[in-house]
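Using the working numbering, you'd call the opening residue of the sequence shown number 0 and step up by one each time.
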Amino acid sequence: MSSSLSILSKRALHQPRLSNAHSICRLQLKCQVNYRTAQLTWARTSVQQRRSFLSRSMASYANVLQKAPDVNDNHTCSIDMAEARSIFDHAWKKVESHYGLGNMRLPTELLFLMGAPGAGKGTLTPSILQMRNITNPPIGISSLLTSPDCKRLKDQGLLISDGYVLELLLHAIFQIPNANSGILIDGFPRTALQSQIITLLYEKWTEIWFKHISTPLARHFPQPQIRFCVLHVDETTSIERQLIRGRQIREHNDTVRQTGFGTLYEERATDFDENLIRERYHIFKTNYDSLLQLRSQFPFHLIHAYGSIDQVLAKIQHQMQKDNVKDLGQPDALSLNDPIKLQHAIQYLQLHVLPHLAHQPGLNKQHDVSL
């Protein structure tokens, strides 16, 4: 059989049951899909050989995927998977119905910026945008929640419902001015359920990207890229920084009122009330473990945000540069090295390849995408 069919070896075909889903990546499945043409290369093999090879290969891996535990099985956080999927599916359906799939465009990257209260997200955001070459304005979850009801809950240090936050976030993503760039999202996820929703968003993005890989909508749905940057400080530092910020804002506003020059800054209850400040940090700490679980699924930068602004920026830049090195490779190819993409690759082959192999000998001709 042609070397272009380098999906796996006979040894991999008979691999015993895997201990976890990530072991799938270690079976050396090298399925590359050129998403500019999305056609298949089948060199020097007959239709019968190809059908037999693919049938055995996909059956083996489908069986592995079915038996392997879910990647979240070892998570210590308690997440209602059914609730997370219900919330996500409901929000996505509403947003897709509002815009229509043909009018929706996904960005080149979603960079989720998280951090403890007072960790310096607002100050550091412009530099992070520059590091990632993101030209779209950042999406701040707090700025999306501007209704009187939301403001009252925020002043009490409480969180808004996950479904409502997700719906607002999806609308903001699909309204960005430049879909050929990435987006920085500040303040999401903040709960264990929202962390699980990120995984569902990645799954949906992968599904749409793979479904439209060979259609005119392919340019609307680039290869999924989701990353995290988390700024961490301890509780004492968090409280001190927020109280200092509150005093500075109040002094600034007093000066503006006295002189009539300048712009008034928003005075938030959580910048002055130590009890509310402490409660905000406890909420962050409660959901911190669930946020860390995403480290095994996405590029994830955990930054200890102590020291001067320049020192913290240097830490972030170092991590981002390491991430960029990992990104180097074939720009027009995708290695299916995670379970979600692998599942969609299998579905694509089953739906669009196998049904035609026995009836279209013309597929013997060489095309542009190699398996």
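We put the beta carbon where it would ideally sit given N, CA and C, even for glycine.
Under DSSP, the alpha helix (DSSP H) around residue i begins and ends at which residues?
| i | result |
| --- | --- |
| ASP185 | No alpha helix (DSSP H) contains ASP185, which is instead part of the beta strand (DSSP E) from 182–185. |
| VAL232 | Unbroken run through VAL232: none, as it is neither H nor E. |
| ARG151 | 147–154 |
| GLY372 | Given a span of 0 to 370 for the chain in the structure shown, any question on residue 372 remains unanswerable. |
| PRO125 | 120–130 |
| ILE197 | 191–210 |
| LEU143 | 140–143 |
Tell me, to the nearest whole angstrom, how far the beta carbon of residue i is from that of residue j; I am working on the premise that it is less than 8 Å.
| i | j | result |
| --- | --- | --- |
| LEU290 | PRO188 | 7 Å |
| ALA171 | LEU143 | 6 Å |
| LEU312 | LEU123 | 7 Å |
| PHE297 | PHE220 | That pair is no contact at about 18 Å. |
| ILE248 | GLU273 | Their Cβ separation, rounded to whole angstroms, is 16 Å, which puts ILE248 and GLU273 out of contact at 8 Å. |
| LEU230 | ALA304 | 4 Å |
| LEU115 | PHE283 | With the sequence shown as reference, residue 115 is identified as Ala, and Leu is not the correct amino acid for it. With 8 Å as the limit, ALA115 and PHE283 qualify as a contact, their Cβ atoms being about 5 Å apart. |
| PHE209 | VAL94 | Not confirmed; about 20 Å, so no contact. |
For residue i, does the count of other Cβ atoms within 10 angstroms reach 16, so buried, or fall short, so exposed?
| i | result |
| --- | --- |
| ILE225 | buried |
| ASN428 | With the chain represented from 0 up to 370, any question about residue 428 goes unanswered, as that position is not in the structure. |
| LEU157 | exposed |
| ASP161 | buried |
| ILE308 | exposed |
| THR111 | Before going on, a small fix: residue 111 reads as Phe here, not Thr. Its Cβ being crowded by 16 or more others within 10 Å, PHE111 is buried. |
| ALA81 | exposed |
| SER194 | buried |
| ASP154 | exposed |
| HIS281 | exposed |
| GLU250 | exposed |
| HIS97 | exposed |
| LEU168 | buried |
| THR145 | exposed |
| GLU266 | exposed |
| ARG279 | buried |
| HIS317 | exposed |
| GLY245 | buried |
| LEU335 | Its pLDDT being 49, under 50, LEU335 is placed unreliably in this model, and the coordinates cannot settle the point. |
| GLN292 | buried |
| HIS89 | exposed |
| LEU200 | buried |
| LEU128 | buried |
Between which two residues does the beta strand (DSSP E) holding residue i run?
| i | result |
| --- | --- |
| ARG373 | No answer is possible for residue 373: it lies beyond the span of the chain, which begins at 0 and ends at 370. |
| HIS219 | Element bounds for HIS219: n/a, residue is neither H nor E. |
| MET113 | 109–114 |
| ILE302 | 299–303 |
Ordered along the chain, which non-local residues of its own chain (more than five positions away) have a Cβ less than 6 Å from that of residue i?
| i | result |
| --- | --- |
| LEU263 | ASN252, VAL255 |
| ARG240 | GLY117 |
| ALA58 | Note on ALA58: pLDDT 49, under 50, position unreliable in the model; no value is reported. |
| VAL164 | none |
| ASP185 | LEU112, LYS120, PRO137, GLY139 |
| ILE315 | ILE302 |
| VAL232 | ALA115, ALA118, ALA304 |
| CYS149 | ILE159 |
| ASN179 | none |
Would residue i pass as an interface residue toward chain E - the criterion being a Cβ-Cβ separation below 8 Å?
| i | result |
| --- | --- |
| PHE227 | In the structure shown, chain E cannot be found, because there is only a single protein chain. |
So, at 7 Å on beta carbons, what are the nonlocal neighbours of residue i in its own chain, with the 5 sequence-adjacent residues on each side left out?
| i | result |
| --- | --- |
| THR198 | GLN296 |
| ASN286 | ARG189, THR190, ALA191 |
| LEU275 | GLY156, ALA268, THR269 |
| TRP204 | LEU105, PRO223 |
| SER126 | LEU312 |
Enumerate in chain order the residues of its own chain whose CB-to-CB distance from residue i is below 8 Å, with the five nearest sequence positions on each side excluded.
| i | result |
| --- | --- |
| GLY181 | PRO106, THR107, GLU108, LEU109, LEU110, ARG131, ASN132, ILE133, ASN135, GLN224 |
| GLY261 | HIS251, THR254, VAL255 |
| ILE86 | ASP161, GLY162, LEU165, LEU192, ILE196 |
| HIS300 | ARG226, PHE227, CYS228, VAL229, ILE315, GLN318, MET319, ASP322 |
Is any non-hydrogen atom of the ligand GTP found closer than 7 Å to the C-beta of residue i, if you look at the structure I gave you?
| i | result |
| --- | --- |
| LEU152 | You won't find the ligand GTP in this model; it holds no ligand whatsoever. |
Quiz item: Unbroken alpha helix (DSSP H) runs of length 4 or more, entirely within the region 250–295: which are they?
Solution: 273–291
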